[in-house]
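Notes follow once the structure below has been shown.
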Amino acid sequence: VKVTVHGQTDEHLTFLFAHDTDPFNRWESGQRLSRKLLLQLYSAAQAANASSEDRQRLHGALAEAGGVPEALSAAFKALLTDKDLDGSFKAMAVSLPGGTELLDAIPDADPTLIHE
-7 VKVTVHGQTD
3 EHLTFLFAHD
13 TDPFNRWESG
23 QRLSRKLLLQ
33 LYSAAQAANA
43 SSEDRQRLHG
53 ALAEAGGVPE
63 ALSAAFKALL
73 TDKDLDGSFK
83 AMAVSLPGGT
93 ELLDAIPDAD
103 PTLIHE
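Just so you know, we're using my numbering here: the sequence shown kicks off at -7 and counts up by one.
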């Protein structure tokens, strides 16, 4: 079952990831933000016709996509430095969505490009 919540902004999700008292909300917010970023990077690489064989073009396309937003980096830092959180939760919360999840989100995805 996939539940979709409409209307949440990146700013709201970033705040939840950094500060929510419910661990599931923190984890889910981080997953949604990370998934969105990875899908944007994939789209940028695909639009540039970058392939895993042409690493220079691939890295250029990813650099032009803008990288990780500063607010998301700050949210990761807030989570990792929160003394009230268990270390195993922190490890799980900073794990990126898996390749299979990204493949499911992209019609006709190139698995090799996702892996790169």
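Glycine included, each C-beta is placed from N, C-alpha and C at the ideal position.
Sub-8 Å separation of residue i and residue j beta-carbons
{"i": "H11", "j": "A70", "result": "yes"}
{"i": "F9", "j": "A55", "result": "no"}
Burial state of residue i (16 or more Cβ within 10 Å)
{"i": "T158", "result": "For residue 158 there is no data in the structure shown, the boundaries of the chain being -7 and 108."}
{"i": "R47", "result": "exposed"}
{"i": "L88", "result": "exposed"}
Closest by C-alpha distance to residue i, when choosing among the options
{"i": "I106", "options": "N17, M84, R24 and A37", "result": "A37"}
{"i": "G22", "options": "T104, L72, I98 and S35", "result": "L72"}
{"i": "D78", "options": "P15, L95 and R49", "result": "P15"}
Between the CA atoms of residue j and residue i - distance to the nearest angstrom
{"i": "L29", "j": "G58", "result": "10 Å"}
{"i": "E108", "j": "F81", "result": "27 Å"}
{"i": "L64", "j": "L25", "result": "8 Å"}
{"i": "W19", "j": "A85", "result": "5 Å"}
{"i": "D40", "j": "A53", "result": "Contrary to the premise, residue 40 reads as Ala rather than Asp in this sequence. About 6 Å."}
{"i": "V60", "j": "Q32", "result": "11 Å"}
{"i": "A97", "j": "T13", "result": "29 Å"}
{"i": "L50", "j": "L94", "result": "18 Å"}
{"i": "D76", "j": "N17", "result": "16 Å"}
{"i": "T1", "j": "T104", "result": "30 Å"}
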